[in-house]
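Colleague:
Protein chains in written order, with the numbering used here: chain A, 1 to 464; chain B, 465 to 542; chain C, 543 to 814.
(1) Got a sec: which bits of the segment 493-514 of chain B sit with their beta carbon under 9 angstroms from any beta carbon on chain C, in order along the chain?
(2) Taking all protein chains shown into account, decide if residue 598/C is buried (16 or more other Cβ within 10 angstroms of its Cβ) or exposed.
(3) Could you tell me the distance, in whole angstroms, from the CA atom of residue 595/C to the CA atom of residue 603/C?
(4) Are three or more beta carbon pairs between the segment 616-635 of chain C and the segment 569-585 of chain C nearer than 8 angstroms?
(5) Exposed or buried, what is residue 100/A when buried is set at 16 or more other beta-carbons lying within 10 Å of its beta-carbon?
(6) Among the residues of its own chain, which have a CB less than 6 angstroms from the CB of residue 449/A, if the five just before and after it don't count?
(7) Please list the residues of the segment 514-537 of chain B that have a C-beta atom closer than 7 angstroms to any C-beta atom in chain C, keeping them in chain order.
(8) If you reduce the DSSP assignment to three classes, tell me which class residue 402/A lands in.
(9) Straight-line CA distance for residue 374/A to residue 92/A?
(10) Within 9 angstroms (strictly less), CB to CB, does residue 469/B reach chain D?
(11) Where does residue 258/A land, buried or exposed, given buried means 16+ other C-beta within 10 angstroms?
(12) Since residue 40/A meets chain C, which of its residues come closer than 7 angstroms, beta carbon to beta carbon?
(13) Whose C-alpha, out of 322/A, 78/A and 420/A, is nearest the C-alpha of residue 444/A?
(14) Residue 674/C and residue 734/C look like a contact to me (Cβ under 8 angstroms); what is the Cβ gap, rounded to whole Å?
(15) At the 9 angstroms Cβ level, is residue 592/C part of the contact set with chain A, yes or no?
(16) Of all the alpha helix (DSSP H) runs that stay within the bounds of the segment 10-84 of chain A, which reach a length of 4 or more residues?
(17) Alpha carbon to alpha carbon, how far is residue 685/C from residue 51/A? Give it in angstroms, no decimals.
(18) Can you check whether the C-beta of residue 800/C is within less than 9 angstroms of a C-beta belonging to chain A?
(19) From residue 217/A to residue 724/C, what does the alpha carbon distance come to, in whole angstroms?
(20) Tell me which residue opens and which closes the alpha helix (DSSP H) that residue 775/C is part of.
(21) Residue 795/C CB to nearest chain A CB: under 9 angstroms?
(22) Can you tell me whether residue 578/B is buried or exposed? The criterion is at least 16 other CB atoms within 10 Å of its CB, across all chains shown.
(23) Per DSSP, which residues does residue 615/C bridge with? Please list them.
(24) Roughly how many whole angstroms lie between the Cα atoms of residue 777/C and residue 613/C?
(25) With residue 678/C and residue 654/C assumed to form a contact (beta carbons below 8 angstroms), what rounded beta-carbon distance in angstroms separates them?
(26) Counting only runs of 4+ residues fully inside the segment 130-188 of chain A, write out the alpha helix (DSSP H) ranges in chain order.
(27) Under the rule that 16 or more other beta-carbon atoms within 10 Å means buried, what is residue 465/A, buried or exposed?
(28) Using a C-beta cutoff of 9 angstroms, does residue 586/C count as contacting chain A?
(29) Please list the partners that residue 431/A has in chain B, where partner means a Cβ-to-Cβ separation under 8 angstroms.
(30) Pair every Cβ in the segment 216-232 of chain A with every Cβ in the segment 279-298 of chain A, then say whether three or more of these pairs are closer than 8 angstroms.
(31) Would you check if the distance between the CB atom of residue 475/A and the CB atom of residue 192/A is smaller than 9 angstroms?
(32) Cutting at 6 angstroms between CB atoms, please list the residues of its own chain near residue 580/C, excluding the five before and the five after it.
(33) When the Cα atoms are used, what is the spatial distance from residue 107/A to residue 139/A?
(34) Cα separation between residue 395/A and residue 94/A?
(35) CA-CA distance, residue 488/B and residue 652/C?
(36) Using a beta-carbon distance cut-off of less than 9 angstroms, what residues from the segment 261-293 of chain A approach chain B?
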């Protein structure tokens with residue numbers, strides 16, 4: 001039996017609690033936390049015995065890793081080493097995987113021949129879908145399998161928070177958070193991963209800034225484009241002997257430009273649509289720990305393999321099919337690809353590119369790593385993607401199509417600054433939960449890429 | 465008796481005791497969760513190479529705080 | 543810092559993170575702890591590769607669960623976000639609090655860093671206020687030893703009133719013991735009796751007044767004293783969460799309008 005008169009209602013309870021709160025002039029939380037911590041302190045005093053007060057080795061390490069003199073050089077050296085290891089180390093396994101996958105291709109081709117499959121089916125499945133998959137897997141898997149374990153290693157060591165600690169001031173000045181340095185570093189591996197990593201930034205405003213600007217660091221899918229173009233157009237331009245050094249300098253310059261644009265757009269965003277004061281930085285600098293290398297390797301490799309394979313299936317396969325179809329369906333005498341390329345030519349020319357380059361970026365929307373192969377395909381009009389055997393051959397092909405070092409520079413700038421790839425945008429949509437921010441994440445870099453290329457081109461043309 | 469200081473003015477290597485928090489709202493709650501209650505010992509461990517943020521030793525952990533936050537914490541040097 | 547581990551991982555089953563709580567053969571264990579306590583190592587060591595990650599429903603907070611078997615008993619381990627407290631200052635804290643509070647795992651393992659016990663106890667004490675089914679796992683004992691700390695686990699057990707297990711998770715040490723204690727807690731062979739935390743006298747006076755009333759309204763499912771404490775604290779996010787789970791509180795149903803109204807009007811206060 002209920003006795004309503006006897007029962008205090010929720011509203012009354014809430015009144016009582018509110019009264020207690022106001023009696024404590026709204027510092028009730030202080031009192032509660034104080035009691036908890038005091039209790040924790042008492043217990044700790046009873047159960048923990050400290051033998052000797054040795055200044056922990058962590059502090060000595062921190063003296064070096066966050067020192068005013070060595071902090072930055074060591075940080076850059078370490079990150080530089082990881083990039084170098086990724087680029088150099090990925091080469092060999094990339095070739096092995098490519099060889100393996102293309103052996104399978106020729107076997108599949110044999111199979112199709114034996115069953116007299118129609119030409120279009122063979123083209124769509126093998127020359128379109130399979131080749132695109134093979135390209136993505138062989139180009140993406142090795143660098144990711146090297147880059148991410150290295151990063152996890154640094155994380156497990158406890159070094160990454162120190163990076164954020166070292167650079168926070170730069171980011172604070174542009175209204176962002178020091179941890180953005182880490183999400184950017186992740187972006188070098190894969191922008192989608194970098195964007196997901198923005199979860200480590202607690203404040204929504206700073207997190208959004210980090211998400212929207214992550215694209216300005218070139219990911220593994222864009223590095224090959226930057227490096228090949230730097231080598232064939234920038235390196236050889238001066239002296240053959242010093243080509244590698246110059247190419248390296250160009251790539252480093254591009255990365256620094258990307259970082260500057262990141263800081264600039266972060267500042268712009270925090271002064272305009274994401275106005276607000278930088279919020280707290282509160283971050284723990286945990287103890288350094290010996291990492292479990294074996295476990296990291298297994299876990300990272302497994303995760304990365306899954307990621308790349310998933311991406312190849314979801315994104316690259318349909319793209320491959322579409323590209324093949326566009327290149328092989330003819331309207332009149334020319335393929336659709338050529339029609340669109342010619343249509344885009346004026347716009348491309350204005351920003352120092354050409355129609356095919358723009359088309360390659362558009363068709364490469366699903367994944368940045370297929371941009372260069374698409375471009376080669378367009379130029380050769382062979383109708384399938386392929387990788388030219390040597391960089392010299394690539395250079396000759398591009399020069400035949402009217403390339404100068406300025407075209408190469410613009411292509412590199414556009415690759416660095418243009419819209420995020422499909423996976424990255426999809427991740428932005430998921431992380432922000434908003435189509436509006438996703439649209440901005442598409443429009444802002446696109447506008448910047450066009451503007452930068454346009455200005456560069458006009459200045460150089462004027463000077464000549 | 466020594467004067468109250470803002471935590472940001474505590475020199476590297478010295479120790480203070482928290483007397484008061486000036487922050488309100490969420491920042492105050494975050495500070496409380498770190499164990500910054502009156503009487504808590506706090507040691508200024510090091511500054512970032514660029515001078516900000518600063519790392520403090522608070523209840524067994526090293527916590528980095530920006531200038532703006534450490535300014536909101538009053539301490540008494542020990 | 544959850545930068546690379548799971549934050550970047552391919553989401554295996556993003557939506558399907560609801561666990562069948564009605565299945566009596568499955569025991570749900572929550573895994574809580576501060577960041578940097580080796581919680582992930584404990585999680586990985588207990589579940590191996592038998593894991594699924596996704597997001598908590600409607601939140602961009604990574605959700606991981608895994609399962610393991612011990613003495614023919616199937617356990618599902620849910621990895622809660624690493625937090626310093628459960629006072630609902632962030633989405634992560636709310637997610638962790640709501641899981642312990644409303645999903646009522648059969649036991650909650652709290653992983654503490656042995657080198658930093660005081661700070662870590664803050665979280666453990668808060669969890670022990672919500673649920674009595676707590677197991678304390680003191681991890682990183684090797685590091686504590688290197689730094690010259692000795693921790694009296696028996697004494698800690700007495701002080702807290704809940705079972706305490708020491709581990710070095712990265713070397714796999716103590717994990718069998720942890721499983722065994724979990725088994726005993728889940729099967730009521732041990733009944734943890736968390737020591738009550740006493741607050742300032744005016745808080746205690748108010749609690750004395752409202753706790754019996756709250757017990758009537760809330761029933762057995764949720765600790766009335768703790769809810770009372772949160773109400774004194776002015777934590778509207780808990781009221782919202784209770785409103786979302788109103789079906790589990792039959793006595794409270796007729797008050798749902800009050801609850802809803804209160805949750806809405808004071809919404810701005812929560813994160814203000």
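Note that the Cβ used here is the ideal one computed from N, Cα and C, for glycine as well.
Modeller: Judging by the given coordinates:
(1) Hits within the stretch, in order: 493, 494, 496, 497, 498 and 499.
(2) Burial call: buried.
(3) The alpha-carbon atoms of residue 595/C and residue 603/C are separated by roughly 10 angstroms.
(4) The segment 616-635 of chain C, when compared against the segment 569-585 of chain C, does touch it at the 8 angstroms Cβ threshold.
(5) Around the beta carbon of residue 100/A, fewer than 16 other beta carbons sit within 10 angstroms, so the residue counts as exposed.
(6) The residues are 414, 417 and 418.
(7) Of all residues in the segment 514-537 of chain B, 523, 524 and 525 have a Cβ within less than 7 angstroms of some Cβ in chain C.
(8) Taken through DSSP and simplified to helix, strand or coil, residue 402/A comes out as coil.
(9) Looking at the two C-alpha atoms, the distance is approximately 23 angstroms.
(10) This model lacks chain D altogether; the protein chains it does include are A, B and C.
(11) Residue burial is scored here from C-beta neighbours: residue 258/A has at least 16 other C-beta atoms within 10 angstroms and is therefore classed as buried.
(12) Going along chain C in sequence order, the residues near residue 40/A (Cβ under 7 angstroms) are 660, 663, 664 and 667.
(13) When only C-alpha atoms are compared, the closest one is 420/A.
(14) Beta-carbon to beta-carbon, residue 674/C and residue 734/C are separated by about 5 angstroms, close enough to satisfy the 8 angstroms threshold.
(15) No, residue 592/C lies away from the interface with chain A (no Cβ there is under 9 angstroms from its Cβ).
(16) Counting only runs of 4 or more, we get 10-23, 28-47 and 57-65.
(17) Rounded to the nearest whole angstrom, the CA to CA distance from residue 51/A to residue 685/C is 14 angstroms.
(18) For residue 800/C, the nearest CB of chain A lies under 9 angstroms from its own CB, placing it at the interface with that chain.
(19) Taking the Cα positions, residue 217/A is about 46 angstroms away from residue 724/C.
(20) From DSSP, the alpha helix (DSSP H) with residue 775/C extends over 766-775.
(21) No, residue 795/C lies away from the interface with chain A (no Cβ there is under 9 angstroms from its Cβ).
(22) Residue 578/B lies beyond the residue range present for chain B, which begins at 465 and ends at 542; the question has no answer from this structure.
(23) BP columns for residue 615/C point to 612/C.
(24) In a straight line, the C-alpha of residue 777/C is about 41 angstroms away from that of residue 613/C.
(25) In this structure residue 678/C touches residue 654/C by the C-beta definition: roughly 6 angstroms separates them, less than 8 angstroms.
(26) As far as the segment 130-188 of chain A is concerned, its whole alpha helix (DSSP H) runs of at least 4 residues are 131-157 and 160-173.
(27) Residue numbering for chain A in the displayed model covers 1 to 464; residue 465/A lies beyond these limits and cannot be assessed.
(28) With 9 angstroms as the cut-off, residue 586/C counts as an interface residue toward chain A.
(29) Residues of chain B passing the Cβ test: none, with the nearest at roughly 22 angstroms.
(30) Result no; under three Cβ-Cβ pairs closer than 8 angstroms.
(31) There is simply no residue 475/A to check, as chain A begins at 1 and stops at 464 in what is shown.
(32) Same-chain partners within the cutoff: 681, 682 and 711.
(33) Those two C-alpha atoms are separated by around 21 angstroms.
(34) Cα to Cα, residue 395/A sits roughly 22 angstroms from residue 94/A.
(35) Taking the straight line joining both Cα atoms gives about 30 angstroms.
(36) Cβ contacts with chain B: 277, 278, 279, 280, 281, 282, 283, 284, 285, 286 and 287.
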